Amino acid sequence: MRVRRLFLAAGLAALPLLAAGTAPAAAQGTIRIGMTAADIPLTHGQPDQGFEGNRFTGIPLYDSLTAWDLSSADRPSTVIPSLATEWAVDEADKTRWIFRLRRDVRFHDGSPFNADAVVWNVRKVLDREAPHYDPRQVGLTTSRMPTLRGAEKVDEHTVALITSEPDSLLPINLTNLFMASPAHWERLRAQHPTAEAAWNAFAANPSGTGPFRLTRFVPRERVEYARNEAYWGEKAKAERIVLVPIPEANARTAALLSGQVDWIEAPAPDAVPQLRARGFAITHNLQPHVWPWQPCFAEGSPLRDVRVRRALNLAIDREGLKQLLGGMMVAPVGTYQPGHPWWGNPSFQIRTDKAEARRLLAEAGYGPNRPLNLKVQISASGSGQMQPLPMNEFLQQDLRGVGVNVEFDVVDWNTLFTNWRRGCQDPSARGANMINVSFSAMDPFFALIRFWDSRMAPPVSNNWGHFSDPRFDEMIREARNTFDPAARDAALARLHAAGVDEALFVWIAHDVAPRAMSPRIRGYVQPQSWFVDLRLPYIQ
Amino acid sequence: MAFYLLRRVLYAIPIALAVGFVCFMLVQIAPGDPINAIVPPDAPADVVEQVRRDYGLDQPLPVQFGLWLWKVAQGDLGRSLATGRPVWADLSSAIGNTLLLAAVASAIGFTLGCVLGGLAGTFRGSVLDRIAVGAAVAGVSVPHYWLGMVLVVIFSVQLNWLPAMGAGPGGSADWAWDWAHMQYLVLPAVTLSVIPMGIVTRTVRGIVAEIMNQEFVVALRGKGLTRRGVFLHVVKNAAPNTLAVMGLQLGYLMGGSILVETVFSWPGTGLLLNNAIFQRDLPVLQGTILVLAMFFVALNLIVDLMQTALDPRIKRA
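Going line by line, the protein sequences match chains A and B.
So the first sequence is numbered by the working numbering: it starts at 13 and just counts up by one.
So the second sequence is numbered by the working numbering: it starts at 16 and just counts up by one.
Laid out in structure tokens, this is it:
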């Protein structure tokens, strides 16, 4: 009995200790964010982990010559000046762009930002002979600016960028080239035996021009930023940012509910009602993201027939899918939505019209006696893939209602990516008529050109379906050769409208980038972008 | 004994080679491409090929394996494809974290297992026995990732008593033996201890019950030995086999539980392996598996030696 009393007393005594020890820490001015990434995205200036990397270790620490406007939730995010204040193509040579640089900008280490720094940063990924050339950064950078070939200093605050061919999209691509401090790297290089080791040291102690400075880096666990008090633009409101990788959705949600973090990316969908009930804010907005089925246009594919492609676009119950996702999607009417500068008002209206879908299928020769059989290669998970299994199973069931039998070839995410580069005629497609790889539509090259330009067929890029139409090639050439921004946008809008009219994808969903955050977070703006301006939010 | 030790250490070399080779080949056979750890999926083919050359991934497989082996022989496990950091830097911190977790989990699991198993074996057929057997069956049957989630929901989300994830308020780098840090250990260690607790309980129960039925125990009692005295004899006889089971379990725990470490975002070898698998980060995968395999070999050797020390009838030569 005495022993039992002792245990009871000890247990009761421990309760306040337990509770006190885990109470959420006072975090005035500190925002703690749970990322979906499994590791800290690279901090040397060219982040990995897709756009989550740019969001959390690119934009906060570094600036690029051009940037996305992340200040508004109500309008599509567009490109604005950043470290470059103005730019124009050289009228005499359309492969040469002149960028005027912002003055009086300094890196976190105090060294000045100037034309030499831009040339140095271009060489780090393009010039194999440069002492600071870093192969690790090449794949993460040059793929996002495929025509950039070099940089030349014109004067202290002017630089010329050279492209392989006339390319009006370069200013958009340059949002992905972050400016790291050459002086800081040189200092580190003097202390380390190789350039690779110097870059690793740079990643642990980086220096950019961004609104935050890195103050602590624990590999695989956390990274901490402090506000850059010498920032050239509007300074951040939060004093500190702590980023924690929590790849598992339930763990992320539990971390928020237990007060270990103040903000999580992509909460577990099932937990959204509970989060709302406990006063957490669920934020979302249209994201330039497409969750499609990409068709194969090879000989013998039923999807060569535009009636079939249109029928599939009309047959899908997107409202039902939205319900399945707890409202966390937008029903697409193309890669871009009305109001976007590259929308273009196509004549084919993507909507749910099963009767019209059946009619088109019948016209194409499919019906109860000859059902349309399709095979789609999908993944069970993956970055940006939303919830691929339940979503695809919903579509399978939905399409059965209009006489379309869908079979899935489920492969792992990494494999699906690899296959995406190989094309639908490659054995890796295993006879699939479509592939389900979601993509970012921030940039017209990645949203439109790489899928619809015949030169982008595998192995060059992601024209998985081997789509080839001289009309589209010409529209793409025109868009890339139109340097007036308004005229270029009009050309891209024509390209997009034509793609929708031809139903070159089965457009199924746009993600809305759900986030859950503490009600103490104020000032947060969720733009129509993959990125967020961390200068705006603060803790009340 | 010295010859035996030397022989066991030499045995580790072919084991390390085999583990390295099998791991290398498994990753190569698996669909997907390690290059995806370095370049985004939408990278053009020429960029992919350039990076493949830069990293030596265009070399024939035997050459790649040989180069890796040569570096390992010199104590260099290479660099992560994904992060560029030395594999050993990440691996050493991960091993430290996993050792910490495994030590606490095994302390909980082995203590409970020995106590419950000892009681169940001594009082076979009693209510106590049934409770211990029930706990052991539950321990080995309940999926520990599920148990981890349930514990998080109760103790982190609902009661807000214990942290749901992580290895300390500032990460594992500044670990200290105070409550602010140790509270991060509680839920993952309890979750991880459940399986070894169940296995050790069942093992000890069986061994103790068998010993209790032996004639020498009756003789000891007949000679008037106290209950404590009999207990010490039983423990001494049960120890070698129990130790062998514990050694194996400790090996599994040190291998890191991928699921438990993922549920709790505990930065150990399990989480490291998990990320490396998804990213096809070949150097991290090979280095981690090789080092863990060597741990297992070393642990088995230690257990064998301890068994010999405890029971001289077991000869190692």
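Note that beta-carbon positions come from the ideal geometry of N, C-alpha and C, so glycine has one too.
Note that the structure is a prediction, hence the values are computed from the model and not measured.
Item                                                                                                                                      : Value
Member of A:Arg483, A:Leu337, A:His296, A:Asp329 whose CA lies at the smallest distance from the CA of Gln538 (chain A)                   : A:His296
Simplified DSSP assignment, three categories, for Met40 (chain B)                                                                         : helix
Collapsed DSSP secondary structure at Asp319 (chain B) in the structure displayed                                                         : helix
C-alpha gap between Gly244 (chain B) and Val142 (chain B), whole angstroms                                                                : 25 angstroms
Distance, Val416 (chain A) Cα to Ser313 (chain A) Cα                                                                                      : 14 angstroms
Backbone secondary structure at Leu226 (chain A) - three-state DSSP                                                                       : strand
Against chain B: residues of the stretch 136-168 of chain A by CB proximity under 7 angstroms                                             : Pro147, Arg148, Val150, Gly151, Leu152, Thr154, Ser155, Pro158
Straight-line Cα distance separating Met529 (chain A) from Gln399 (chain A)                                                               : 21 angstroms
Cβ shell of Asn252 (chain B) (< 6 angstroms), same chain only, five flanking positions each side left out                                 : Ile226
Within chain A, partners of Phe279 (chain B) - CB distance below 8 angstroms                                                              : Ala263
Integer Cβ distance of Val102 (chain B) from Gly302 (chain B), believed to fall under 8 angstroms                                         : 4 angstroms
Closest Cα partner of Gln361 (chain A) within the set A:Leu268, A:Ser452, A:Gly511, A:Glu260                                              : A:Gly511
Three-state secondary structure assigned by DSSP to Ile520 (chain A)                                                                      : strand
Span of the beta strand (DSSP E) around Ala195 (chain B)                                                                                  : That residue, Ala195 (chain B), is in no beta strand (DSSP E); its alpha helix (DSSP H) goes 194-227.
8 angstroms Cβ cutoff, Leu113 (chain A) in contact with chain B                                                                           : no
The stretch 258-274 of chain B / the stretch 58-71 of chain B touching (three or more Cβ pairs under 8 angstroms)                         : no
is_contact[Leu200 (chain A), chain B] using C-beta, thresh 8 angstroms                                                                    : no
8 angstroms Cβ cutoff, Ala204 (chain B) in contact with chain A                                                                           : no
Any C-beta of chain A under 8 angstroms from that of Gln43 (chain B)                                                                      : no
Opposing strand residues paired with Met446 (chain A) [DSSP bridges]                                                                      : A:Pro307, A:Val388
Short CB-CB distance (under 8 angstroms) between Gly302 (chain B) and chain A                                                             : no
Proximity test, Cβ basis, 8 angstroms: Ile146 (chain B) and chain A                                                                       : no
Backbone CA spacing between Val117 (chain A) and Ser219 (chain A) [nearest angstrom]                                                      : 13 angstroms
Distance CB(Phe4 (chain A))-CB(Ala129 (chain A)) smaller than 8 angstroms                                                                 : Examination of residue 4 (chain A) is not possible in this model, given that chain A is present from 13 through 552 alone.
Residues of its chain near Phe292 (chain A), where Cβ-Cβ distance is below 6 angstroms and the 5 sequence neighbours each way are ignored : Ala528
Given 8 angstroms, three or more beta-carbon pairs between the stretch 401-420 of chain A and the stretch 325-339 of chain A              : yes
Helix, strand or coil at Gln538 (chain A) [DSSP, three-state]                                                                             : coil
Where Gly271 (chain A) meets chain B, residues with beta-carbon distance less than 8 angstroms                                            : Asn175
Within chain D, partners of Asn51 (chain B) - CB distance below 8 angstroms                                                               : Considering every chain present, this structure includes no chain D. Its protein chains are A and B.
Integer-rounded CB distance, given that Pro184 (chain B) should sit under 8 angstroms from Trp281 (chain B)                               : Contact flag wrong, Cβ pair sits at about 14 angstroms.
With 16 other Cβ atoms within 10 Å as the buried cut-off, status of Arg115 (chain A)                                                      : exposed
Assigned secondary structure, Val117 (chain A) (DSSP; H/G/I helix, E/B strand, else coil)                                                 : coil
Any beta strand (DSSP E) of 3 or more consecutive residues that is wholly inside the stretch 62-121 of chain B                            : none
Arg442 (chain A) and Pro470 (chain A) closer than 8 angstroms at C-beta                                                                   : no
Selection from A:His144, A:Asp102, A:Asn240, A:Thr90 that minimises the alpha carbon distance to Ala172 (chain A)                         : A:Asp102
Burial state of Met40 (chain B), where buried means 16 or more other Cβ atoms lie within 10 Å                                             : exposed
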